[in-house]
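Undergrad: Provided herewith is a single structure, encoded as structure tokens, for subsequent inquiry.
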Amino acid sequence: MLMLLDTPSLYFRAFYGIPESMTAPDGMPVNAVRGLIDMVATLVRTHSPAELVATMDADWRPAFRVAAIPTYKAHRVAFGHTEEVPDTLVPQIPVIEQVLDAVGIARLQSEGYEADDVIGTLTHQARGAVDIVTGDRDLFQLVDDSRPVRVLYTARGVRNLQVVDEAFVTAKYGIPGRGYADFATLRGDPSDGLPGVAGVGEKTAASLITRFGSLEAILAALDAGQSDGFPAGCRTKLAAARDYLRVAPAVVKVADSAPLPSADLTLPAKPRDPEALVRLADRYGLDSPLNRLLDALTGGSLPKSI
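Using our numbering, the letters of the sequence shown correspond one by one to residues 5 to 310.
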């Protein structure tokens with residue numbers, strides 16, 4: 005089984021879930037670093053993936069999405085193209101990357117794409133089962149019972165994951181199990197700056213997707229002048245949002261062909277760079293979480309000295 009980590013989602017969760025009083029010897033907060041390491045250890049120990057990838061954002065607000073819908077994540081912009089990230093989290097992200105690299109966990113990103121798109125591409129390429137670990141509902145669009153592809157949703161924590169499959173999506177939203185992207189396009193998502201169709205909420209969006217099967221089929225019926233299957237007043241609302249509906253799918257749907265470097269995705273049997281790992285443990289006070297991670301991965305621990 006291939007496990008794909010939505011790493012930004014996880015380290016943000018760790019940052020807000022663990023007090024900043026968790027610091028390195030020099031006083032630098034390392035709550036996100038420690039939290040992420042422990043999350044990975046827990047996931048490896050409880051799910052035993054054969055392959056593991058930590059996906060990253062090379063671009064948190066890709067140009068192709070902003071060109072289609074300028075409001076996309078606009079409310080999260082600090083200045084220019086920089087994301088608003090807590091000051092005490094910013095220096096922890098390079099440490100997370102260094103730890104992952106030293107341990108030997110594959111860390112992948114793609115220029116001009118988000119971590120979601122890396123996940124979508126790796127899922128598309130995978131030949132077997134895939135588990136996607138995220139707190140982002142957008143990735144519900146990838147669930148596929150036939151392969152199977154599941155989302156391990158972190159809303160209640162890594163130790164209390166919700167397993168999201170097609171049945172979960174249907175029960176939760178009243179839509180076909182693979183219909184989440186079209187449903188989200190109609191409903192919109194304020195957290196991502198996606199307006200949706202004015203006057204179309206979750207219930208109406210769900211009824212439309214259930215009735216027609218897809219956004220493409222809804223628009224075909226709309227263009228054909230069909231009235232059957234549309235709730236009262238809904239055709240007018242959809243027609244008014246035609247320009248949005250033309251461009252939104254490319255924004256909402258995760259990419260499945262982002263260019264990726266070749267990489268060994270196999271769970272590491274030993275640390276790739278033990279010396280670097282010891283240096284990181286000493287500098288940032290990471291001995292305990294790193295020992296837990298190495299024990300989960302290899303049954304070993306940090307060398308006492310290098």
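For each residue, glycine too, the CB sits at the ideal point set by N, CA and C.
Looking at the unbroken alpha helix (DSSP H) that takes in F83, where does it start and where does it end?
TA: No alpha helix (DSSP H) holds F83; the beta strand (DSSP E) holding it covers 81–83.
Undergrad: Roughly how many angstroms lie between the CA atoms of E101 and A67, to the nearest whole one?
TA: About 24 Å.
Undergrad: For a quick check, are the C-beta atoms of S13 and G139 less than 9 Å apart?
TA: Yes, the pair counts as a contact, with Cβ atoms nearer than the cut-off.
Undergrad: Helix, strand or coil: how does DSSP classify A58 here?
TA: In this structure, A58 counts as strand in the three-state DSSP scheme.
Undergrad: Can you give me the start and stop residues for the alpha helix (DSSP H) that L284 sits inside?
TA: Looking at the DSSP string, the run of the alpha helix (DSSP H) that includes L284 is 278–288.
Undergrad: Look at the Cβ atom of L112, then the Cβ atom of T59, and state whether they are nearer than 9 Å.
TA: In this structure, T59 lies closer than 9 Å to L112 by Cβ.
Undergrad: Extract the residue ranges of the beta strand (DSSP E) inside the segment 5–45, only unbroken runs of 3 or more that lie entirely within it.
TA: Qualifying beta strand (DSSP E) stretches, in chain order: 6–10.
Undergrad: According to DSSP, which residues form a beta bridge with E87?
TA: Partner(s): V81.
Undergrad: Might you give, ordered along the chain, the residues of its own chain that have their beta carbon closer than 7 Å to the beta carbon of I179, omitting 5 neighbours on each side?
TA: If we look at I179 and ignore the five residues flanking it on each side, its Cβ neighbours are V173, F187, A210, I213, T214.
Undergrad: How long is the line joining the alpha carbons of A72 and R246, rounded to whole angstroms?
TA: In a straight line, the C-alpha of A72 is about 13 Å away from that of R246.
Undergrad: Would you say D135 and L156 are within 9 Å of each other, going by their C-beta atoms?
TA: A contact, by the Cβ cut-off of 9 Å.
Undergrad: Considering only residues of the same chain and omitting the five flanking positions on each side of E170, which have a CB-CB separation below 6 Å?
TA: Contacts found: V147, D149, G181.
Undergrad: Between A45 and A221, which are expected to be in contact by the criterion C-beta below 8 Å, what is the C-beta distance as a whole number of angstroms?
TA: About 45 Å separates the two Cβ atoms, so there is no contact after all.
Undergrad: Using beta-carbon positions only, say whether A36 and I97 come within less than 9 Å of one another.
TA: Yes. Within cutoff.
Undergrad: Just list the alpha helix (DSSP H) runs in the segment 208–237, keeping only unbroken ones of 4 residues or longer that don't cross its boundaries, in chain order.
TA: Listed in chain order, they are 219–227.
Undergrad: For T256, which residues from the same chain have a beta carbon less than 6 Å from its beta carbon, with the 5 sequence-adjacent residues on both sides left out?
TA: For the sequence presented, residue 256 should be read as Val rather than Thr. If we look at V256 and ignore the five residues flanking it on each side, its Cβ neighbours are A185, A188, T189.
Undergrad: For the beta strand (DSSP E) that T302 lies in, which residues bound it at each end?
TA: Per DSSP, T302 belongs to no beta strand (DSSP E); it is in the alpha helix (DSSP H), 291–302.
Undergrad: If I measure Cβ to Cβ from G237 and keep anything under 8 Å in the same chain, skipping five residues before and after, which residues do I get?
TA: Same-chain partners within the cutoff: G203.
Undergrad: Would you decide whether K77 is buried or exposed? Buried here means 16 or more other CB atoms lie within 10 Å of its CB.
TA: Label assigned to K77: buried.
Undergrad: With a threshold of 7 Å on Cβ separation, who are the neighbours of V162 within its own chain once the five nearest residues in sequence on each side are excluded?
TA: M43, T46, L47.
Undergrad: Are Y343 and V94 closer than 9 Å when you measure CB to CB?
TA: The structure shown does not extend to residue 343, since the chain is modelled only from 5 through 310, so no value can be given for it.
Undergrad: Just reading off the alpha helix (DSSP H) that V255 is part of, what are its end residues?
TA: First-last of the alpha helix (DSSP H) with V255: 246–256.
Undergrad: Who does Y157 pair with in a DSSP beta bridge?
TA: Its beta-bridge partners are T138, Q166.
Undergrad: Are the segment 256–274 and the segment 223–239 in contact at 8 Å, needing three or more beta carbon pairs?
TA: Too few Cβ pairs lie closer than 8 Å, so no.
Undergrad: Please work out which residues of its chain come closer than 8 Å, Cβ to Cβ, to P90, disregarding the five sequence neighbours upstream and downstream, and give them in chain order.
TA: Closer than 8 Å at the Cβ level, and outside the excluded window around P90, lie F19.
Undergrad: Under 9 Å, do P307 and R38 count as touching if we go by C-beta distance?
TA: The answer is no: Cβ separation not under 9 Å.
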